[in-house]
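For reference, the structure discussed in these notes is given below.
Structure follows, in C-alpha cells:
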C-alpha cells in the first residue's frame, strides 16, 4: 500500500512540473498545439498517467478546462470561416454569360470550364475569362459537370431616356430676334503646303515671332489668334500645320472657319498639301482667297500658280472666276494690307452675324495639359457669350470655367462669338474637334456625361457581339469539317480523338502573364497637346507590316514623361516616344537604371524616322551571299580513299578565286543541288588553300555527290545584313 502511495505522489509531482512548464511558454500557439495533440489522442489525459483508476472521476475531462479548449480550436474556427462554395444541384443560367460568371454560378474554378469546352468546337486560344459563351455551350458545360440548369428570370431593362445636350437648331421656334444678332469677326483659316510661308504670314500680320519658336520652322500645332486691323476690324486667324502628318488638324480647322486663305509659294507651285487643302475647303463649303507668297524670289512665277490651280477648280477673277488672288511677300511684308482688305471685303459680303445671348456653343480647336493650370482648351465661341462660372460639356468631360485667357495668356472676363479663347477648369482633357455646349448646372453636366458614356458602351458591346458571332461561325465551320473527316468512326471514337487532339491546350491557358513576343515593338506615345498625339496615332494606324514586326501601342496621352509611363514600358519591354514634352532628371536616371529607352523629339518626321530605326533593330538579320569566285567542271573522275571511292571534279576558275575556307554551292542547269564545304582542293597533286582565276584544280565535296561536266561551282561568303522595315508612313 505504501508503494502505491509513493507512486501516486511521484505522478502528481510529474504532472505539476509539466503544467508549470506549459504555463511558462509565452507562445499561445505552442500551448494550443500541445492541447490539440492531447485532444487528438484516443485516450484522455488521465489515461496517460500510471494508475488512472486511482484518480477522481472528471479530473481530466474536457469540461474542466474550457479556456484551453477555446485556445486549441481558434485556428480551426478561422479555417471554417473560409468555406469552399458548395456545388449546387441547379445552376441559374442566362444568355451570353462569361466564363468567369458561369464558373462562379457553378461553384467551380475557371479551369474546369476550359476542360469542359474541350468537347466543343470553340477555339480555346481565343478565350479569356471575360469571353462570352452562348446558351447551347453553357447548357452543355453544366450537363458535363453532372449538374442541372434552370433559366434565370429575365429582368426587363427599361429604355433609358436620352439626356444628351444638343445644339440649338437654326429653325427652332421662335426664331432669334434680328435685333439680338450682332456682327462677329470672321474666322479665317490659313491653309497650304508645308514651308510655303503660312506662319510667316501670320507673324507679319500680328507682329510676333511665332515661326522662330516652332521646331524646324514647321508649325506642328493649330493656333487661334485675334488680329486687330488698322481700320478697326477684327479677324480671327487659325494657323494649321502644313505637314502631311496633320491632315486631321487641317480638316478640323476648315469645319469652324468662314474664309480660307490658300497660301502657295510662287516658286514651288501647287503641291500635295495644297491639293488636300483645296479639298478640305470644298468639303466644308468655305470660300477661298489665294495668297501667292514668296513673289520677291528670283524664280517666282505667280501666273504659273494660277494656271496650275485651274486643274483643281480654283478659278481666279482674272480668268472669270470668283477667287481673289493677291501676290504677297510675307517675309518682307509686301501687299499684306491688300490681303487683309480682301478678307474684310469677303466677310462683309458673307454678312457674318451671331446670337451673343443664351447658352454657349463652340468648338475645341486644341487641348493640352498644363502642370500648373491643369487641362486647357483653345476654343472658338460660335454662339452665346462665355463667362467665368459657366458649366460646359465637351465629349465625355465637363468644366466649370475658372479662368479665360486670350492668345497672349492675358485673363479676360468674357468671350463673345468669333473670339478665340483658352478655357481653364476642365475635369479632363477633351479631344480636339469636340463640340462645346453650355448646360444649366453641374448635375445636368453629369447627366450628359453619363448618357454619352452609356451610348459608347452600348456601341462597343454591339461591335464585340458582332466579332464574337463571326468568330463562332468560323470555328463552327471548322468543327463541322473535322466532324465530316471523322464520320466513319463511332461517337465514342470521335470524342476520344477530339479530346486527345485538344488536351494539350489545357496546359497553355494564360494563368500568368505571357511572355511578350520578341518580334513586337511596344510603344508609349506622349505629346504636348491632343492634336499632336492624334497626328502620331494616325501615322501609326497606317502601319501594315505586322508580318515583319508587330507594333503595339500600349498607352498614349498628354503631358511630360511620368513614372507611370516607365512602369508600363518596363512591364511591356517598350519604348517611350515624347513629342514636344520633357523628362526631368529623376525620370531619366530611373529610366537608365531600368534600361528603358526614352526618345524625345520636337519634329514629327524625326520621331517617325526614329521609330522606323527601332523597328529595324527588332527585325532578324538576313544572310546575304557575296560571290567570291566561280569555276566550271571540265572533267570528272574518282579517287580511292581507304575502301571508298570519292568523286572528284576537274575545274577551271572562270572568275574571282576559290578559297577553301569559304562556303561553296554546286549549280546544275540553273538549280542549286548542294551547299556546303570542300573536303579537298588541289592544284595538280599539291593541296591548295586558294585557286585564282584561269588556274585548273581538282576538288571534292563534303558529301558523296556525283559531278557532271558543265556543272558550275560557286565560292561565296555569307554576311549578316540588317533588315529594314517596308513600312512607308507616306512622307
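Numbering (UniProt numbering), first residue to last: 1 to 731. Think of the CB as a built atom: it goes at the ideal place given N, C-alpha and C, for glycine as much as any other residue.
When DSSP reads this structure, residue 665 sits in a beta bridge with 675 and 714. Secondary structure within the region 116–169: the beta strand (DSSP E) runs of 3 or more consecutive residues, fully enclosed, are 148–151 (chain order). By the criterion of at least three beta-carbon pairs nearer than 8 angstroms, the region 614–633 is in contact with the region 718–726. Proximity of the region 139–146 to the region 116–124 meets the contact definition, three or more beta-carbon pairs being nearer than 8 angstroms.
Judged by beta-carbon spacing, residue 634 lies beyond the 8 angstroms limit of residue 539, meaning their Cβ atoms are not closer than that value.
Comparing alpha carbon positions, the residue from 629, 630, 581 and 594 closest to residue 607 is 581. Less than 8 angstroms separates the beta-carbon of residue 112 from that of residue 103. Check the Cα spacing between residue 260 and each of 195, 203, 268 and 189: the tightest is with 189. By the 16-neighbour rule on beta-carbons within 10 angstroms, residue 492 is exposed. Following the DSSP letters along the chain, one finds residue 347 inside the alpha helix (DSSP H) bounded by residues 336–350. For residue 543, the CB contacts under 6 angstroms within the same chain, skipping 5 residues up- and downstream, are 551 and 727 in chain order. Residues of the same chain with a CB within less than 6 angstroms of the CB of residue 168, apart from the 5 flanking positions on each side, do not exist. Secondary structure note for residue 617: its alpha helix (DSSP H) is the uninterrupted segment 604–618. Note on residue 465: under 16 other CB atoms within 10 angstroms of its CB, so exposed under the neighbour-count rule. Annotation: the continuous alpha helix (DSSP H) that includes residue 477 extends over 442–485.
Per DSSP, the beta bridge partners of residue 644 are 641. Assigned with DSSP and collapsed to three states, residue 727 falls in coil, not helix or strand.
In this structure, residue 423 lies near residue 376, with their beta-carbon atoms less than 8 angstroms apart. The region 297–312 makes contact with the region 262–274; the number of CB pairs closer than 8 angstroms reaches 3 or more.
Taken through DSSP and simplified to helix, strand or coil, residue 114 comes out as helix.
The Cβ atoms of residue 707 and residue 631 lie no closer than 8 angstroms to each other. The beta carbon of residue 695 is closer than 8 angstroms to those of 652, 653 and 683 in its chain, skipping five residues each way along the sequence. Residue 324 is bridged by DSSP to 289.
The beta-carbon distance between residue 414 and residue 452, rounded to whole angstroms, is 28 angstroms. This is too long to meet the 8 angstroms contact definition. A residue is called buried when at least 16 other Cβ atoms come within 10 angstroms of its Cβ; residue 671 does not meet this threshold and is exposed.
For residue 689, there is no enclosing alpha helix (DSSP H), as DSSP gives it neither H nor E. One alpha carbon belongs to residue 135, the other to residue 149, and they sit about 11 angstroms apart. Per the coordinates, the alpha-carbon of residue 407 lies some 30 angstroms from the alpha-carbon of residue 295.
Looking at the DSSP output, residue 399 bridges to 392 and 426.
In this structure the region 184–204 touches the region 346–363; the number of beta carbon pairs closer than 8 angstroms is three or more. Bridge pairing for residue 577: 525 and 599 [DSSP]. Excluding sequence positions up to five before and after residue 204, its CB lies within less than 6 angstroms of the CB of 330, 333 and 336, all in the same chain and listed in chain order.
Here the alpha carbons of residue 621 and residue 665 stand approximately 22 angstroms from one another.
Excluding five sequence positions before and after residue 692, the CB atoms of its chain that fall closer than 6 angstroms to its own CB belong to 657, given in chain order. Note on residue 638: under 16 other CB atoms within 10 angstroms of its CB, so exposed under the neighbour-count rule. Contact between residue 445 and residue 391 is confirmed by a C-beta separation of about 5 angstroms, below the 8 angstroms threshold.
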